[in-house]
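Asks: Below are the structure tokens for one structure; questions will follow.
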Amino acid sequence: MKPATDPSEDQLVLLPAGGKAPVRRPRKGPPSPVALAPVSPIAQVRIDSPLPQLDRIFDYTISQQLDDLVQPGVRVRVRFAGRLVTGFVVGRVPTSTAGKALRPIERVLSGERVLTPQLAELVAAVAEHYAGTFSDVVRSAVPPRHARAESLQYELPELAVEVKDQDVARWGRYTNGAALFRRLRGGKSANTRGVWSAAPAQPWYQDIAALVRAVLEPSIGGAIVVLPDAHDVDLLAHELSELRDITAVLTADQGPERRYREFLRGLRGAARLVIGTRAAVFAPVLDLRLIVVWDDQDDSLWEPHAPYWNARDVAAIRSSAQGCALLVGAPARSVETQLWCEQGWARSLAPTREVISATAPMVRALEQDDLERDVAAASARLPHMAWLVAKAGLKLGPVLVQVPRRGYLPTLSCQNCRRPARCACGGLLGQGVGQSSPACTWCGVPAANWKCKVCGDTNLRAVAIGVERTAEEFGRAFPSTQIIWSQSSAMRRNVSASPALVIATPGAEPVADGGYAAVIILDARGQLQRPQLQATVEAARRWFGAALLAQPRAPLVITADNSEPVVQALIRWDAPGFAQRELADRVAAGLLPSTRMAVLHGAPTDISDVLSMLTVDHQVLGPTDGSCIVVVRRELGSMLSGQLRVISATRATKSTGKPVNVVLDPREPIAKASPPMTGAQKPGP
DNA sequence: AGCACGCCGACT
DNA sequence: GTCGGCGTGCTC
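In structure tokens:
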């Protein structure tokens, strides 16, 4: 189509001012009364709508008046299906292929080109990967506009970044580490990808800081570091405080103005380093050289909204698309990143043999048999060996006790038949600290007259013992010792080097000044028996995470069998080896990440409708009660997501059948039922 | 999702 | 002869 200069096409129909009834806005026909931009008067616009059938580019005309402002990346208001909606301009072209009269762009919300072409490409790639929509993803990538933040001046200060002497040495402690460091320092970022398992007794954020300095030292190019939570962000930002003036911090909890300001600092080149939580993986950074993702098994790297992207995988997509380096680190190692290593897409970095033998904790696994013979145990849960190690450790400094459950007695069962004890409302019973008797964890009703619905017994038995009850037990076993506890609901970040017993849930361990003199991991056996696919890799992550905090060669006691592969990995400090083994099992079983899968959720007829339209070579598991799983070979993953996108879009326009919910590569393929959210979960002080 | 257009029953 | 039912389909 030509630029609309033909009057027969573009005549404005002026409505009589005080006119008669049918004041219908011109639905079809050229509504543009004004001259169009002389060059490339067509804007390609992405509409802000989550509907799959609208997930494409729509063309609009650009008036001469808006010519300067309508640039790729700006936010605009356009009339769509009669209503004003917002969208992003993703391109300008001389002609349209729409084959129909175009409506004009009504308004440019801001001249700020927030959705850079690279970012638009990344967002589209992520949407495709997860069979989601552009607009669902772009919401995470570009924060809402804030006018005041836009009016500020943004300048990049002169600041010489210098690699410190110990920075080089740090990475020399990892296999392939020195080479990675050299490449980054020398500006070679294309195809530089590392998967990094942390060394014990060497703070991970200092390792990251060293690498960031190496990338920024040549005073060209930028870096992004993605961390699981805001506290980690503070920790690294503090470690790199000399770079404060060129660092943007992006976390979800900062207000709209701050968030947009930090985003603009990256966009306008006033920040060369972005440190943030998961959405920071999309941050605009001029000449991006490196993305670091730490602790990729942490759940908070998953976006909780559709299409449920994961920051690690977005980082991988971005690394490929933009040719920047990628480093994914963790206390242990995920099977996903192990696959990258085995495919040769990334290099494996792990502490060298010398580092391990000099610093790894000395692990003592307590067998089930040991525990049964353990007549000297202070209680059923506190084995004598653990007691001895704690006692010896307390002469030297703080001792960490990791307990997998928070609270006091978080789970109870029937004494007789061992079935979970339930309240009349269906909720599970538990006992909070300070509560003298058990109560329902959902509705809070006391369980004084509880009677087992199955066998009629009235006695309860503790199935799980939480941090607070454990603290009480240790308090009795170690009178006059300071007891500190920390759990997700009440986290303690640091403890001093003076002796204390520190009881914590996984992930809530305080960092000890100088490291823990001993580490004790309780109730470990049960963590390997959980039904989740991720149970053993999650256990590895938790245990390596605790072990990292120990002093070099400190004793570590764990109540799990020596023969368990995870325990073996801990003893040998070999997280890659464990991930390799776990990955081999998954390959054999045809599970993630060796395959790609989609979970379909919907009515059985709708699901079979979708399945009948899939032509990619696939396997179907299920369908069962409203959901089913489609599995394809890994290399067919993009075909699967592509077909599912098309199918969803096609079906959405039809009136027959309801939509089917599609989730690609979910964290746990089988969704668990979650208890209703009530305030009754954390009783007592 | 809205919001049209479109082709069959009861009303002035 | 007209108003209106909500089934089907499009939205630049």
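Adding 12 to a residue's 1-based position in the first sequence gives its number in the numbering used here. Note that CB positions come from ideal geometry on N, CA and C, so glycine has one too. From a predicted model like this one, the values you see are computed outputs, not experimental measurements.
#1: Can you have a look at S369 and say buried or exposed, based on whether 16 or more other CB atoms are within 10 angstroms of its CB?
#2: Below 8 Å on the Cβ atoms is my contact criterion, and I expect T722 with G439 to pass it. Report the Cβ-Cβ distance as a whole number of Å.
#3: Checking the sheet assignment: what are the DSSP bridge partners for P671?
#4: I'd like to confirm the pairing. Which residues does DSSP put opposite V514 in its beta bridges?
#5: To which residues does DSSP link N506 through a beta bridge?
#6: Per the DSSP calculation, G99 is bridged to which residue(s)?
#7: Would you grab the beta carbon distance between T8 and L252 for me? Rounded to a whole angstrom, and I think it's under 8 Å.
#8: Which of the three DSSP states is assigned to A132 in this structure?
#9: Assuming I303 and L276 form a contact by the criterion Cβ under 8 Å, report the distance between their Cβ atoms to the nearest whole angstrom.
#10: Which residue's Cα is closest to the Cα of D573: Q592, V326, I533?
#11: Comparing alpha-carbon positions, which option in V507, F556, Q546, A516 lies nearest R598?
#12: Using the three-state DSSP reduction, which class does Y186 fall into: helix, strand or coil?
#13: Could you check what DSSP says for S501 in three-state terms: helix, strand or coil?
#14: Work out the CA separation of E118 and R95 for me, nearest whole Å.
#15: For a quick check, are the C-beta atoms of L285 and I232 less than 9 Å apart?
#16: Out of curiosity, what's the CA-to-CA distance linking I619 and V507?
#17: Three Cβ pairs or more, each shorter than 8 Å: is that satisfied between the stretch 423 to 430 and the stretch 466 to 480?
#18: Report the rounded CA-to-CA distance for W321 versus V138, giving the unit in angstroms.
#19: Quick one: complete alpha helix (DSSP H) runs, 4+ long, within the stretch 553 to 600?
#20: Going along the chain, which unbroken runs of the alpha helix (DSSP H) with 4 or more residues stay wholly within the stretch 138 to 186?
#21: For the candidate residues F294, D307, V82, G234, whose alpha-carbon lies nearest to that of A283?
#22: Going straight from the alpha carbon of V505 to that of D246, what length do you get?
#23: Along the chain, where does the alpha helix (DSSP H) that runs through Q539 open and close?
#24: How about V46 and Q77: are their beta carbons less than 9 Å apart?
#25: Work out the CA separation of G614 and R104 for me, nearest whole Å.
#26: With C-beta atoms as the reference, is N188 less than 9 Å away from G199?
#27: Measuring straight from C-alpha to C-alpha, what distance separates I329 and L279?
#28: State buried or exposed for H141, treating a residue as buried only when at least 16 other CB atoms are found within 10 Å of its CB.
#29: If I measure Cβ to Cβ from A323 and keep anything under 7 Å in the same chain, skipping five residues before and after, which residues do I get?
#30: Could you round the C-beta distance between A516 and P522 to whole angstroms and report it? I think they count as a contact, below 8 Å.
#31: DSSP three-state call for E118: helix, strand or coil?
#32: Is it buried or exposed for A657, if we count other Cβ within 10 angstroms and need 16 for buried?
#33: If you measure between the beta carbons of V674 and A136, is that distance less than 9 Å?
Replies: On the basis of the supplied data:
#1: Per the 10 Å Cβ criterion, exposed.
#2: Missing from the structure shown is residue 722; the chain here goes from 13 to 697 and no further.
#3: None; P671 has no bridge partner.
#4: Beta-bridge pairing links V514 to L412, I496.
#5: Answer by DSSP bridge pairing, in chain order: V523.
#6: Answer is I59, V88, bridged to G99.
#7: In the structure as shown, the chain starts at 13 and stops at 697, and residue 8 therefore has no counterpart that could be examined.
#8: When secondary structure is reduced to three states using DSSP, A132 falls in the helix class.
#9: Not really, about 20 Å apart at Cβ, beyond 8 Å.
#10: Looking at the Cα atoms, I533 is the closest of the given residues.
#11: R598 has its Cα closest to that of Q546, out of V507, F556, Q546, A516.
#12: Correct three-state label for Y186: strand.
#13: In the three-state scheme derived from DSSP, where H, G and I count as helix and E and B as strand, S501 is classed as coil.
#14: Cα to Cα, the separation comes out at about 11 Å.
#15: Not closer than 9 Å, so no.
#16: Spanning the two alpha carbons is a distance of roughly 53 Å.
#17: For the pair of segments examined, the stretch 423 to 430 was found to touch the stretch 466 to 480: the number of CB pairs separated by less than 8 Å reaches three.
#18: Pairing W321 with V138, the inter-Cα distance amounts to about 7 Å.
#19: Entirely contained in the stretch 553 to 600, the alpha helix (DSSP H) runs reaching 4 residues are, in chain order, 577 to 584.
#20: Entirely contained in the stretch 138 to 186, the alpha helix (DSSP H) runs reaching 4 residues are, in chain order, 146 to 153, 159 to 162, 177 to 184.
#21: Nearest of F294, D307, V82, G234 to A283, Cα basis: G234.
#22: The residue asked about is misnamed: residue 505 is Arg in this sequence, not Val. If you take the alpha carbons of R505 and D246, they lie about 12 Å apart.
#23: Annotation for Q539: the continuous alpha helix (DSSP H) segment containing it runs 536 to 540.
#24: Yes, Cβ-Cβ distance for V46 and Q77 is below 9 Å.
#25: Roughly 39 Å separates the two Cα atoms.
#26: At least 9 Å separates the beta-carbon of N188 from that of G199.
#27: Straight-line Cα distance between these residues: approximately 20 Å.
#28: Counting Cβ neighbours within 10 Å, H141 comes out buried, since at least 16 surround it.
#29: Counting only Cβ-Cβ distances below 7 Å, and skipping sequence neighbours, we find V238, R290, V293, V305, L313.
#30: Contact flag correct, Cβ pair sits at about 7 Å.
#31: E118 carries a strand assignment under DSSP once its states are collapsed to helix, strand and coil.
#32: Position check: residue 657 holds Arg in this sequence, whereas Ala was assumed. Taking a 10 Å sphere around the C-beta of R657, we find 16 or more other C-beta atoms and assign the residue as buried.
#33: Between V674 and A136, the gap from beta carbon to beta carbon reaches 9 Å or more.
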